[in-house]
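Undergrad: Have a look at this one.
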Amino acid sequence: MHHLSLGRQGEAIAQAYVRRHCSVLHVNWKSGRREIDIVAGKDNSIYFIEVKTRCGDRYGWPEEAVNYKKEEHIRSVATDYLLQYALHPVSIRFDIIAITFYGNTYDLVHLRDVF
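The numbering used here applies: residue 19 is where the sequence shown begins, and numbers increase by one.
This is the structure:
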């Protein structure tokens, strides 16, 4: 599977998963050249969610791709998001949804409050 279509498929699965638990406010929200995959909310809390998708575990687990530099980008985009919409949520959380495909099946791992 081509990595772009794999990523799109992973993001679609992640969005459906998130919608079962809270409201999706934005998808692929951009600030300059950086973006956050999913911005969600529930009960005056905002969740900034990075989605990582891999085909098998040969090159490591998807969540391992979120390094310090990516974390800094996500924090920066989150700050811009909150400023643009003048939001003052009770809590802010940074999550990773890691999806690993194994042929026609997949595993989804939701890591909450990762940084």
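Just so it is clear, CB atoms sit at the ideal spot from N, CA and C, and this is done for glycine as well.
In chain order, what residues of the same chain have a beta carbon less than 6 Å from the beta carbon of Val127, not counting five sequence neighbours either side?
TA: Within the sequence shown, residue 127 is the residue found at index 109, counting from 1. Excluding sequence neighbours, Val127 sits near Ala116.
Undergrad: For Asp61, which of helix, strand or coil comes out of DSSP?
TA: Working through the sequence shown from its first residue, we reach residue 61 at position 43. Asp61 falls in the coil class under three-state DSSP.
Undergrad: State buried or exposed for Arg72, treating a residue as buried only when at least 16 other CB atoms are found within 10 Å of its CB.
TA: Taking the first residue of the sequence shown as 1, we reach residue 72 at position 54. Flag for Arg72 reads buried.
Undergrad: Report back the beta-carbon spacing between Ala58 and Val84 to the nearest angstrom; my notes put them in contact at under 8 Å.
TA: Within the sequence shown, numbered from 1, the residue matching residue 58 stands at position 40. Within the sequence shown, numbered from 1, the residue matching residue 84 stands at position 66. With 8 Å as the limit, Ala58 and Val84 do not qualify as a contact, their Cβ atoms being about 17 Å apart.
Undergrad: Nearest-angstrom Cα distance between Gly28 and Glu81?
TA: Along the sequence shown, read from residue 1 onward, the residue named residue 28 stands at position 10. Along the sequence shown, read from residue 1 onward, the residue named residue 81 stands at position 63. Looking at the two C-alpha atoms, the distance is approximately 13 Å.
Undergrad: I'd like to confirm the pairing. Which residues does DSSP put opposite Ser23 in its beta bridges?
TA: The residue given as residue 23 occupies position 5 in the sequence shown. BP columns for Ser23 are empty, so no partner.
Undergrad: Classify Glu90: buried if its beta carbon has 16 or more other beta carbons within 10 angstroms, exposed otherwise.
TA: Locating residue 90 in the sequence shown gives position 72, where the first residue counts as 1. Its Cβ having fewer than 16 others within 10 Å, Glu90 is exposed.
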